[in-house]
Amino acid sequence: PSPPAQVPSVPAPPAPAPPVPVPAPPAPAPPAQVPSVPAPPVPAPAPPVPAPPAPAPAPPAPAPPAPPAPAPPAPAPP
298 PSPPAQVPSV PAPPAPAPPV PVPAPPAPAP PAQVPSVPAP PVPAPAPPVP APPAPAPAPP
358 APAPPAPPAP APPAPAPP
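Going left to right, the sequence shown walks through residues 298 to 375 as our numbering numbers them.
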């Protein structure tokens with residue numbers, strides 16, 4: 298039998314071109330700055346409460362008056 302007809306060899310597909318690098322997308326524009334709300338003022342620290350003045354020491358109790366001197370004995374009537 299006659300040899301089978303030669304199937305024409307399929308040419309190898311050309312090598313694909315290397316992919317073109319995709320340029321990085323441009324950075325998105327920063328969002329419009331929202332006006333920052335001013336921070337509330339820090340409350341001033343409360344002034345320290347002055348310590349109450351120490352109570353004055355109680356004056357010493359006055360000494361009781363000395364008992365009156367005993368009256369001299371009346372002279373005996375003559």
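Every residue, glycine too, gets a C-beta built ideally from N, C-alpha and C.
Same chain only: Cβ atoms within 6 Å of residue i, ignoring 5 sequence neighbours per side
i	result
residue 322	none
Close-in-space but distant-in-sequence residues of the same chain around residue i (CB under 8 Å, 5 per side omitted)
i	result
residue 358	none
Distance cut-off 7 Å: residue i Cβ against heavy atoms of the ligand SAM
i	result
residue 337	Among the components modelled here there is no ligand, and therefore nothing to report on the ligand SAM.
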